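Residue numbers (my numbering): 24 to 286.
We put the CB at the ideal spot given by N, CA and C, even for glycine.
Only a predicted model underlies this, so the values are computations on that prediction, with no experimental measurement involved.
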Amino acid sequence: MAFQPYTPKPITDIFTNDTDINRRECRRVVPMRVLALGLGRTGTASLRTALKTLGFDDCYHMMSASVENPPDCLMWSDALASKYDKKGTFGREQWDSLLGHCQAVCDWPAVAFAKELIEAYPEAKVLVTTRDVDSWHASTMKTVNWRATEKFWHEFWDHDFEKHGKRRFVEYYDEIRSLVPAENLLEYKMGEGWKPLCDFLEVPVPEGLSFPRTNDTDGFVDRCRRRNRMQMMNVLFRATVVGGSLAAVVLGVTMSVRKFWRR
Numbered sequence: 024m025a026f027q028p029y030t031p032k033p034i035t036d037i038f039t040n041d042t043d044i045n046r047r048e049c050r051r052v053v054p055m056r057v058l059a060l061g062l063g064r065t066g067t068a069s070l071r072t073a074l075k076t077l078g079f080d081d082c083y084h085m086m087s088a089s090v091e092n093p094p095d096c097l098m099w100s101d102a103l104a105s106k107y108d109k110k111g112t113f114g115r116e117q118w119d120s121l122l123g124h125c126q127a128v129c130d131w132p133a134v135a136f137a138k139e140l141i142e143a144y145p146e147a148k149v150l151v152t153t154r155d156v157d158s159w160h161a162s163t164m165k166t167v168n169w170r171a172t173e174k175f176w177h178e179f180w181d182h183d184f185e186k187h188g189k190r191r192f193v194e195y196y197d198e199i200r201s202l203v204p205a206e207n208l209l210e211y212k213m214g215e216g217w218k219p220l221c222d223f224l225e226v227p228v229p230e231g232l233s234f235p236r237t238n239d240t241d242g243f244v245d246r247c248r249r250r251n252r253m254q255m256m257n258v259l260f261r262a263t264v265v266g267g268s269l270a271a272v273v274l275g276v277t278m279s280v281r282k283f284w285r286r
């Protein structure tokens, strides 16, 4: 994975409403307070909403890079190159650049760096969302696995999620338990409500608010397809603008040549 420079997004990208921040130039502005390191498809989107409601804002999630600020992917590539290809360094300074605006982090690709994040932020509380391994595997097969092409995904699942996913699920949670003292770790399942989460984080339970429920399987697929359509619209619009500009240039040159030869 070679270092990729930041380039501003094209002004023709008008169909996707994302930011364009170069995180390599950023620094930490809020403390990292919570590492939510449960695997994706265990309720991480709902947890993100819950953590932000409790004041842990912002909370980083896969959507932060894939939809909200795509240039983040450049720094994730740097992190992956350091971890898997042994190229470059990615430590606390780089994590602070990438995640410096966040008080919490959850979901992919952060969970691929669980050990590194725990070492970088020893003061943060650690929680993991979990669920029945069979229903989790089926959900991931239906949503994430069919569209995941990143190297870290294949490395994490021993190059075959369908075959090794359930085993790696168990191994992953065992690893987290071995890395984090029991008093600093919460294992949480969706449906348990606000109280265990709030007790662990030492914050009040929100009054009159139901625990959020977002990003179910069907909604996930619909959002991915909608995002893909909007990105395609950007490409088509860019081609139209560039093609129209080129056509205008060609037409202008042609008219000038004709005038010259008529003299």
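Counterpart residues of residue i in DSSP-defined beta bridges
i, result
"Leu208", "Val149"
"Cys82", "Ala127"
Terminal residues of the beta strand (DSSP E) in which residue i lies
i, result
"Leu58", "Val57 to Ala59"
Residues of its chain near residue i, where Cβ-Cβ distance is below 8 Å and the 5 sequence neighbours each way are ignored
i, result
"Val156", "Lys189, Phe192 and Val193"
"Arg236", "Ser69 and Met213"
"Ala73", "Trp217, Leu220, Phe234 and Pro235"
DSSP-derived helix/strand/coil call for residue i
i, result
"Ser201", "helix"
"Cys96", "helix"
"Arg51", "coil"
"Ile34", "coil"
"Lys189", "helix"
"Thr237", "coil"
"Asn263", "In the sequence under discussion, the amino acid at residue 263 is Thr, which differs from the Asn named in the question. Thr263: helix per DSSP, three-state reduction."
"Asn40", "coil"
"Glu230", "coil"
"Ala171", "coil"
"Leu103", "helix"
First and last residue of the uninterrupted alpha helix (DSSP H) at residue i
i, result
"Glu116", "Arg115 to Leu122"
"Ser162", "Val156 to Lys165"
"Glu142", "Ala137 to Ala143"
"Ser69", "Thr67 to Thr76"
"Asp108", "Neither: Asp108 is in no alpha helix (DSSP H) and is coded neither H nor E."
"Pro28", "Careful: Pro28 lies outside any alpha helix (DSSP H) and carries neither H nor E."
"Asp222", "Trp217 to Leu224"
"Trp176", "Lys174 to Phe179"
Proximity test, Cβ basis, 8 Å: residue i and chain D
i, result
"Leu208", "You won't find chain D in this structure, because it holds only one protein chain."
Same chain, Cβ closer than 7 Å to residue i, five either side skipped, listed in chain order
i, result
"Thr35", "Asn257, Phe260, Arg261 and Val264"
"Val52", "Gly123 and His124"
"Ala147", "Met55, Arg56, Val57 and Leu58"
"Lys138", "Leu202"
"Glu178", "Tyr107"
Close-in-space but distant-in-sequence residues of the same chain around residue i (CB under 6 Å, 5 per side omitted)
i, result
"Lys32", "Asp43"
The segment 63–72 touching the segment 104–112, judged by at least three CB pairs closer than 8 Å: Output reads no: the segment 104–112 does not touch the segment 63–72.
The segment 112–129 contacting the segment 51–62, beta-carbon criterion three pairs below 8 Å: Taking 8 Å as the limit for Cβ pairs, the verdict is that the segment 51–62 does touch the segment 112–129.
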